[in-house]
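Residue numbering for the sequence shown follows our numbering, starting at 5 and increasing by one per position. Worksheet: one structure, shown below.
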Amino acid sequence: MSDFSGQVALVTGGSRGIGRACCLAFAKRGAKVAVNYAGNEAAAAETARLAQEAGGEVKLLRFDVADGVAAAKAVEELVSDWGRVDVLVNNAGVAVDGLVVRLKDEDVERQLAVNVKGALNLAKAVSRPMMKQRQGAIVNLSSVVGEMGNAGQTVYSATKAALIGLTKSLARELASRNIRVNAVAPGFIDTDMTQVIPEAQRQKLIELIPSGRLGTAEDVANAVVFLASREAAYVTGEVLRVNGGMYM
Ligand code: NAP
């Protein structure tokens with residue numbers, strides 16, 4: 005199991021789902037974990053409790069990742085308190101599904117702001133301290149639909165495809181400073197985000213997955229931890245698919 009002792013990991017959207025599983029995975033491996041969330045206090049507190057139980061030191065950071073000023077301030081405070089930031093997981097994301105003909109401007113803007121600009125805000129904020137340390141790993145949460153598309157998710161899949169471009173460009177920009185940037189592209193994962201899918205549609209989806217099941221948040225967290233770890237020291241600009249064979 006990779007060891008993150010002495011390291012600081014910041015996970016956006018760490019209160020629930022994949023983000024929570026990432027927080028627990030880092031805590032279990034000895035990292036100090038900063039848990040960002042948007043507003044769900046109860047869920048964030050539960051992540052903190054579980055991460056502490058797993059042996060980690062935890063800090064809760066409530067801010068909207070789309071707000072560049074708030075993101076920069078939070079990272080500044082984190083580095084001032086804990087002295088460093090080694091891992092950033094850009095996990096916070098929103099999906100507002102619907103056909104293009106019925107798109108509302110506000111929903112387009114919100115998905116772009118949280119999923120793309122949010123990731124950029126955090127990457128920008130951690131870049132300087134990581135450059136000073138000459139060490140860092142950033143993992144962005146893309147999606148299978150960013151690569152294969154999905155009717156009803158035109159905007160969401162566009163934001164997830166954008167994260168692949170962001171990952172590759174930033175990987176090139178930061179590689180010489182020993183900062184690696186990678187992405188994970190999950191398939192359909194059993195979290196609040198996919199709870200809204202009706203049971204009949206769920207069964208149809210499962211038929212498209214060679215592994216025969218939805219993924220778990222832990223399946224994704226394991227891939228995130230690998231990309232952030234020393235074991236992946238020569239991996240950068242990569243997109244790791246965690247989708248049970250749904251798209252290959
Ligand atoms: P989720 O269960 O819906 O949880 C979303 C998390 O993001 C929550 O912790 C939420 O905080 C946080 N969040 C939302 N907007 C935010 C904002 N503006 N600022 C800060 N935090 C914000 O999501 P999930 O299913 O775990 O997905 C996590 C990531 O994986 C997303 O980027 C998603 O697009 C991607 N992904 C998911 C799947 C899937 O099948 N589930 C597949 C592929 C990719 P609060 O609790 O405070 O609301």
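Note that CB positions come from ideal geometry on N, CA and C, so glycine has one too. These numbers come from a predicted model, not from an experiment.
Check: With a CB to CB cut of under 8 Å and the five nearest residues on each side skipped, what residues in its chain are close to Arg176?
Finding: The residue you call residue 176 lines up with position 172 of the sequence shown. Once the five neighbours on either side are set aside, the close Cβ partners of Arg176 are Gly241.
Notebook entry, point to check: Quick one: complete alpha helix (DSSP H) runs, 4+ long, within the segment 136-197?
Noted result: 148-152, 158-178
Check: What are the boundary residues of the beta strand (DSSP E) that Val79 is part of?
Finding: Start at 1 with the first residue of the sequence shown, and residue 79 comes out as number 75. First-last for Val79: 72-86, but that is the alpha helix (DSSP H), not the beta strand (DSSP E).
Note to self: Using 8 Å for Cβ pairs, my map puts Ser146 next to Lys121. What's the rounded Cβ distance?
What the structure shows: Translated into the one-based positions of the sequence shown, residue 146 becomes position 142. Translated into the one-based positions of the sequence shown, residue 121 becomes position 117. Contact flag wrong, Cβ pair sits at about 15 Å.
Checklist line | Helix, strand or coil at Ala29 [DSSP, three-state] | finding: In the sequence shown, residue 29 corresponds to position 25, counting from 1. Helix at Ala29.
Notebook entry, point to check: With which residues is Ala99 paired in a DSSP beta bridge?
Noted result: Position 95 of the sequence shown, counting from 1, holds the residue named residue 99. None, per the DSSP bridge assignment.
Next item on the list: Express the C-alpha separation of Ser161 and Gly153 in angstroms, rounding to a whole number.
Entry: What you label residue 153 is simply residue 149 of the sequence shown in a count that begins at 1. What you label residue 161 is simply residue 157 of the sequence shown in a count that begins at 1. Cα to Cα, the separation comes out at about 6 Å.
Note to self: For Gly18, tell me which candidate among Val12, Thr51, Val100, Ala123 has the shortest Cα-Cα distance.
What the structure shows: Counted from its first residue, the sequence shown places residue 18 at position 14. Of the candidates Val12, Thr51, Val100, Ala123, the one whose C-alpha sits nearest the C-alpha of Gly18 is Thr51.
Check: Ordered along the chain, which non-local residues of its own chain (more than five positions away) have a Cβ less than 7 Å from that of Gly72?
Finding: Locating residue 72 in the sequence shown gives position 68, where the first residue counts as 1. Excluding sequence neighbours, Gly72 sits near Asn125.
Item checked: Span separating the alpha-carbon of Asn119 from that of Arg138 -> Numbered from 1 along the sequence shown, position 115 holds the residue referred to as residue 119. Numbered from 1 along the sequence shown, position 134 holds the residue referred to as residue 138. Cα-Cα distance, rounded: 27 Å.
Note to self: Less than 7 Å between C-beta atoms, sequence neighbours within five positions excluded: which residues of the same chain meet that for Ser215?
What the structure shows: One-based indexing of the sequence shown puts residue 215 at position 211. Gly248, Gly249, listed in sequence order.
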